[in-house]
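Engineer: Each residue of the sequence shown is one higher than the last, beginning at -18 in the working numbering. Ideal Cβ positions, reconstructed from N, Cα and C, are used throughout, including at glycine.
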Amino acid sequence: MTSPDCFTCDTAAPRFVPRPHQQEARDAILAARASGRPGFLLGDLTGLGKTLSAWLAIAGMPEAEVLVICPKGAIPQWRRT
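As structure tokens, then:
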């Protein structure tokens, strides 16, 4: 899977501007992976941007194979995002 352009933070005009807590979540996910932990549970409350945090982390692993497990009902929301 390649990272969608709308989730990268280094473009001139990104579609989404991550909030500080989303960047912190991304950093925590990447740090966990770098320290050898293969999984990460992001338990933020509803509406805080877990999807964006996850995609930011995935975009930070361009050479890695990533498996996303989610409820089937989340897929339409992700497509709209």
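Could you tell me which of Ala6, Pro1, Ala38 and Thr32 sits nearest to Cys51, measuring between CA atoms?
Structural biologist: Closest by alpha carbon: Thr32.
Engineer: Taking the continuous alpha helix (DSSP H) assigned at Glu5, which residues delimit it?
Structural biologist: It spans Pro1 to Ala15 - the alpha helix (DSSP H) in which Glu5 sits, taken as one unbroken run.
Engineer: For Ile50, report the span of its alpha helix (DSSP H) as first-last.
Structural biologist: Unbroken run through Ile50: none, as it is neither H nor E.
Engineer: Considering only residues of the same chain and omitting the five flanking positions on each side of Thr(-17), which have a CB-CB separation below 7 Å?
Structural biologist: A caution first: Thr(-17) carries a pLDDT of 42, below 50, which makes its placement in the model too unreliable to give a value.
Engineer: Report buried or exposed for Trp36, applying the criterion of at least 16 other Cβ atoms within 10 angstroms of its Cβ.
Structural biologist: It counts as buried.
Engineer: According to DSSP, simplified to helix, strand and coil, what is Ala40?
Structural biologist: Three-state DSSP puts Ala40 in a helix.
Engineer: Looking at the structure shown, is Ala45 part of a helix, part of a strand, or coil, going by DSSP?
Structural biologist: In this structure, Ala45 counts as coil in the three-state DSSP scheme.
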